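Each residue of the sequence shown is one higher than the one before, starting from 1118 at the first, in my numbering.
For every residue, glycine included, the Cβ atom is placed at its ideal position computed from N, Cα and C.
In this text the structure is predicted, and so the values were computed from the model without any measurement.
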Amino acid sequence: MRYDVFGHSAGAQMIHRYLLFQPECHFNRLVSSAAGRYCVPDPSIEFPYGLGVSSAATEPPNNYFGREVYVICGANDTDLNAPSLRHTPGADARGLQRARYFFTESSSIASDGGYLFNWEYRTVPNVGHNGEEMAAYAANLL
């Protein structure tokens, strides 16, 4: 049995990591909405910002790149001083556009490795870091 899953903010942090670290999971479609922190599927970047020094570093990337994944973020989710954002050199190196960075880097890794990449990036117009509004948008993807 497969199921669809949506996570917003901390929930998005959990579900995209679960996909990377448990690629045999039963997710059908996954919507990761406005995570404050992302784990790029790159074994050369140390965890928690990448897969380096983790069990997932040796997982075949096609196990997660081939899944139907939507990375979404509100167009107005732009508060640099939001208390939920982690501010460390690793997090800040990705800048405010963390979702776009995660998606773009993941796409590049898939392309460089010749893997099917079945992920999409979407910007949700007129929405900030609002779980209810992001969930309504995500429901249409699921």
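Quiz item: Going by the CB atoms, is the gap between I1189 and M1251 shorter than 8 Å?
Solution: yes
Self-check item: Whole-number beta carbon distance between S1171 and A1151, since they are thought to touch under 8 Å
Solution: That pair is no contact at about 24 Å.
Quiz item: I1162 by DSSP, collapsed to three states: which one?
Solution: coil
Practice problem: Take S1228 as the anchor and find which of P1158, D1121, R1134 has the nearest alpha-carbon. | Solution: P1158
Practice problem: Check each candidate in T1175, L1147, Y1155 and name the one with the smallest Cα separation from S1223. | Solution: Y1155
Quiz prompt | Other residues of its chain near C1142: CB distance less than 7 Å, five sequence neighbours each side excluded | solution = Y1135, L1136
Quiz prompt | DSSP-derived helix/strand/coil call for H1125 | solution = In this structure, H1125 counts as strand in the three-state DSSP scheme.
Self-check item: Selected residue, minimal CA-CA separation from R1217, among G1191, N1257, F1234
Solution: Ranked by Cα distance from R1217, the options G1191, N1257, F1234 are led by G1191.
Quiz item: Just reading off the alpha helix (DSSP H) that S1172 is part of, what are its end residues?
Solution: It is not in any alpha helix (DSSP H) - S1172 carries neither H nor E in the DSSP assignment.
Exercise. Please classify L1168: is it buried, with 16 or more other beta-carbons within 10 angstroms of its beta-carbon, or exposed?
Key: buried
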